[in-house]
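There are 2 protein chains.
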Amino acid sequence: MASLKSHNKKEQDLSLTKNQKIVLNLLQNSSEPLKAYSILDSLKTEGLKSPLQIYRALDKLEKLGKIHKIESKNSFIACSNSNCARNTAFTICESCGNVKELKNNYLSDGVNELIKKNKMSITRYNLEFYVLCKNCKTN
Amino acid sequence: MASLKSHNKKEQDLSLTKNQKIVLNLLQNSSEPLKAYSILDSLKTEGLKSPLQIYRALDKLEKLGKIHKIESKNSFIACSNSNCARNTAFTICESCGNVKELKNNYLSDGVNELIKKNKMSITRYNLEFYVLCKNCKTN
DNA sequence: CTTGAATTGTTATATTATTACATAATGTAA
DNA sequence: TTACATTATGTAATAATATAACAATTCAAG
Ligand SMILES: [Zn+2]
Ligand SMILES: [Zn+2]
Ligand SMILES: [Zn+2]
Ligand SMILES: [Zn+2]
Numbered sequence: 016m017a018s019l020k021s022h023n024k025k026e027q028d029l030s031l032t033k034n035q036k037i038v039l040n041l042l043q044n045s046s047e048p049l050k051a052y053s054i055l056d057s058l059k060t061e062g063l064k065s066p067l068q069i070y071r072a073l074d075k076l077e078k079l080g081k082i083h084k085i086e087s088k089n090s091f092i093a094c095s096n097s098n099c100a101r102n103t104a105f106t107i108c109e110s111c112g113n114v115k116e117l118k119n120n121y122l123s124d125g126v127n128e129l130i131k132k133n134k135m136s137i138t139r140y141n142l143e144f145y146v147l148c149k150n151c152k153t154n
Numbered sequence: 016m017a018s019l020k021s022h023n024k025k026e027q028d029l030s031l032t033k034n035q036k037i038v039l040n041l042l043q044n045s046s047e048p049l050k051a052y053s054i055l056d057s058l059k060t061e062g063l064k065s066p067l068q069i070y071r072a073l074d075k076l077e078k079l080g081k082i083h084k085i086e087s088k089n090s091f092i093a094c095s096n097s098n099c100a101r102n103t104a105f106t107i108c109e110s111c112g113n114v115k116e117l118k119n120n121y122l123s124d125g126v127n128e129l130i131k132k133n134k135m136s137i138t139r140y141n142l143e144f145y146v147l148c149k150n151c152k153t154n
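Chains as they are written, first to last, in my numbering: chain A, 16 to 154; chain B, 16 to 154.
Right, dumping it as structure tokens:
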């Protein structure tokens, strides 16, 4: 009989543990990046009560590419692409902190060219573009 | 008489305060990014003995564009360009952590194109390219 | 000189993240 | 199945990173 290992997106989600699912779910329903201790606060009711439970889930989810860490904000955001392959690009509003992940397929051609021209042999990249979002522009 | 404000590089350096000069000097002579508390340790002998003295100097130097923070490493590195105008790009070795700042004039054309294509109106950018450095490749 | 902005020194505290160790659940192969 | 390795959990303690608050000082602009 074939292996029971998961192969598609759905099954991969199912293979997440309880804690990982809870954390991922929270991030997917958040409109903004969340900090580890704010996640902890939100999930006290779900039985998660120590920082380590959060950090462990975050680590795993990040390795799976389901979430990304916004380093300059010590915050985490659910991946909004189907697959980033560890290559990420974000816009970050300098005024309100609003973060959006860029569609990597829009970028990849340009980035590849950039890499070629600079003769780099890279394993992955993370691009952070700082902006003034629409809201902050008008105000 | 004209303002006594500093206008060229040299005078700008001279306008740094004692603490700022000490911290900048340490970073400029370091072959790798340094963490705030490691800077503090190194500078105990110079009379800097509280974290705030370090963080304040780092903040100021960063605003002046003389150093940059590598967010994913909570570390600071002296700027190796003459002027980044807050636009930065680095290669970071995934194995040993070695960090190098890219010459931004090599990049800017490509980046500008990238930004145009994605119809972004940005205020600045920070690009992190992860690599395996020469040392780590051969070992 | 006087004013206001920037810098400093110091102590305390907040925020973010990991170590250490014991236990339980899960997957794999003989 | 048993045995073994791998992965995940729970919990407490602690490390590492960064900021708040407040008083005192320096220094240039007017
Ligand atoms: Zn993504
Ligand atoms: Zn905004
Ligand atoms: Zn620079
Ligand atoms: Zn290396």
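We put the beta carbon where it would ideally sit given N, CA and C, even for glycine. Computed from a predicted model, the values in this text were never measured in an experiment.
(request) Would you give the residue range spanned by the beta strand (DSSP E) that B/L142 belongs to? (result) 137–146
Exercise for review: Throw me the rounded Cβ distance for the A/L117 and B/L142 pair, which I believe falls under 8 angstroms.
Suggested key: Not quite, the Cβ-Cβ distance comes to about 13 angstroms (not below 8 angstroms), so this is no contact.
- Pull up the distance between the alpha-carbon of B/E109 and that of B/N127, whole angstroms please. Between B/E109 and B/N127, the C-alpha separation is close to 27 angstroms.
May I ask you to report which of helix, strand or coil DSSP gives A/S90? strand
(request) Spatial neighbours of A/L122 within its chain, please: CB distance less than 7 angstroms, with the 5 preceding and 5 following residues excluded, ordered by chain position. (result) A104
*Using a Cβ cut-off of 9 angstroms (strictly closer), state whether A/R139 contacts chain B.*
yes
Closer than 8 angstroms to a non-hydrogen atom of ligand 1 - does that hold for the CB of B/N133? no
Q.
Suppose contacts are defined by Cβ-Cβ distances below 9 angstroms. Is A/I92 in contact with A/E61 by that definition?
A. Contact flag unset, no.
A/A104, enclosing beta strand (DSSP E) - first and last residue: 103–108
Relative to the alpha-carbon of B/T138, which residue among A/Q43, A/C151, A/P66, A/A72 has its alpha-carbon at the smallest distance? A/C151
What is the residue span of the beta strand (DSSP E) that A/E77 lies within?
Not the beta strand (DSSP E): A/E77 falls in the alpha helix (DSSP H), residues 66–78.
Item to check | Residues in the segment 103–135 of chain A having any Cβ partner in chain B nearer than 8 angstroms | outcome: T106, E109, L117, Y121, L122, G125, V126, E128, L129, I130, K132, N133, M135
request  = Would you mind working out which of B/G125, B/S136, B/N133 sits nearest A/K131, comparing C-alpha positions?
outcome  = B/G125
Note to self: Measuring straight from C-alpha to C-alpha, what distance separates A/F144 and B/A51?
What the structure shows: Per the coordinates, the alpha-carbon of A/F144 lies some 25 angstroms from the alpha-carbon of B/A51.
- Task: Identify the contact partners of B/E143 in chain A, using a Cβ-Cβ distance below 7 angstroms as the criterion.
- Result: Y140, N141
- Would you decide whether A/T153 is buried or exposed? Buried here means 16 or more other CB atoms lie within 10 Å of its CB. exposed
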